[in-house]
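Peer 1: First, the structure itself, so that you have it in front of you.
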Amino acid sequence: MTTGDSGDDLGVQALDAVWTRIRVRGPSMSPTLRDGDQVLARWVRDPARVRSGDVVVARFPARPGLLVVKRVHHAVEGGHWVQGDNPFVTDDSRAFGPAVVVGRVVARLWPRPGRLPPAPPGG
């Protein structure tokens, strides 16, 4: 792994495995993901390849113990600006600043298996 791949230079740890199952907690990604949904995420080797609109797993340097599932809005100095699809919940870059992307969500596993839809209108 090269410097910066996992955000280690910012004190942010990578995911423990190449593929991981994550359970969503809270309403911040509603309606795309709901509390209790389980998703499959793949570790991101090169954060520069993350694109706007991707649903990702990220950590905030200001809160390195907090692992979040959010949608990328754009790249910024120090990482990516990420926000939930629910505009009324602000536990995202609006509260904690830029995030370090550590994984990309590739599919929902449960309860409605399949690919994730695009961002809702206005998102």
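full-length UniProt numbering puts the first residue of the sequence shown at 1, with every later residue one more than the last.
Ideal Cβ placement from N, Cα and C applies to all residues, glycine included.
(1) From which residue to which residue does the beta strand (DSSP E) around arginine 71 run?
(2) Taking 8 Å as the cut-off, decide whether the C-beta atoms of residue 192 and valine 55 are in contact.
(3) Starting from arginine 94 and walking both ways along the alpha helix (DSSP H), at which residues does that stretch end?
(4) Hey, would you say aspartate 85 sits closer than 8 Å to proline 31, going by beta carbons?
(5) For glycine 53 and arginine 23, I'd like the C-alpha separation in whole angstroms.
(6) What are the partner residues of residue 137, as DSSP defines its beta bridges?
(7) Hey, how far is the Cα of valine 102 from the Cα of serine 28?
(8) Is aspartate 37 closer than 8 Å to arginine 111 when the C-beta atoms are compared?
(9) Out of Val106, Leu66, Pro61, Ala107, which one is the CA nearest neighbour of glutamate 77?
Peer 2: So, from the listed chains and residues:
(1) Looking up residue 71 in the sequence shown gives position 71. Segment 63 to 76, the beta strand (DSSP E) holding arginine 71.
(2) No statement about residue 192 is possible, as the shown extent of the chain runs from 1 to 123 and does not include it.
(3) Along the sequence shown, read from residue 1 onward, the residue named residue 94 stands at position 94. Counting along the chain, the alpha helix (DSSP H) containing arginine 94 begins and ends at 93 to 96.
(4) Position 85 of the sequence shown, counted from the start, is the residue given in the question as residue 85. Position 31 of the sequence shown, counted from the start, is the residue given in the question as residue 31. Yes.
(5) On the sequence shown, residue 53 is found 53 positions in, with the first residue counted as 1. On the sequence shown, residue 23 is found 23 positions in, with the first residue counted as 1. The straight-line gap from Cα to Cα measures roughly 20 Å.
(6) Within the shown structure, residues of the chain are numbered from 1 to 123, placing residue 137 beyond reach of any answer.
(7) For the purposes of this step, residue 102 is taken as residue 102 along the sequence shown, with counting starting at 1. For the purposes of this step, residue 28 is taken as residue 28 along the sequence shown, with counting starting at 1. If I take the Cα positions, the gap works out to 18 Å.
(8) Along the sequence shown, one-based indexing puts residue 111 at 111. Along the sequence shown, one-based indexing puts residue 37 at 37. The sequence shown places proline at residue 111, rather than the arginine named in the question. Yes, these two residues count as a Cβ contact at 8 Å.
(9) Stepping through the sequence shown from its first residue, residue 77 is reached at position 77. Taking only the C-alpha atoms, the option nearest glutamate 77 is Pro61.
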